[in-house]
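*Asks:* Shown below is the structure under consideration.
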Amino acid sequence: SASEFQGQGNTVQRTDHNMLEEENERMVDHLSSKVQALKSVLFYIEELTIDIGQEVRYQNKMLNEMDTDFDSGGSFLSSTMARLTALTNKGHHRVMLYLVLFCMFVFFVAWYIIKTR
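Be aware that the sequence shown starts at 1, since it is given in full-length UniProt numbering, and climbs by one per residue.
Pasting the structure below:
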């Protein structure tokens, strides 16, 4: 009878041990799926940061090109203003009158086009 009791105790211990093993396996599987999810999130974040870095480099390149364009445009406007100043200083009033009338005509045409839309 004592051997029966010991046998039952071993069976109970084995059953408890098996249950713990199964629970451990479930927990390991659950942890493994969480690790996989974290890895995929980290991969996505890494790809996103690479894309952001590429976009920043592209935008910096565009800004540098715009800076160059604005510098050349500013130089062009400065030289044009110098020519206009020279024209007014030389007393070419008729040329200035034509220039002012032309500018007024252009603004009137632009205003008319915008108004009729």
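Ideal placement from N, C-alpha and C gives every residue a C-beta, glycine not left out.
#1: Hey, M96 and L87 are a contact pair by Cβ (cut 8 Å); roughly how many whole angstroms apart?
#2: The alpha helix (DSSP H) that contains H93, what's its start and end?
#3: Taking 8 Å as the limit between beta carbons, can you name the residues of its chain near L101, skipping five residues before and five after?
*Replies:* In brief:
#1: In this structure, M96 and L87 form a Cβ contact; the two beta carbons are roughly 6 Å apart against a cut-off of 8 Å.
#2: Where H93 is concerned, the enclosing alpha helix (DSSP H) stretches over 93–116.
#3: The answer is none, since no qualifying residue turns up.
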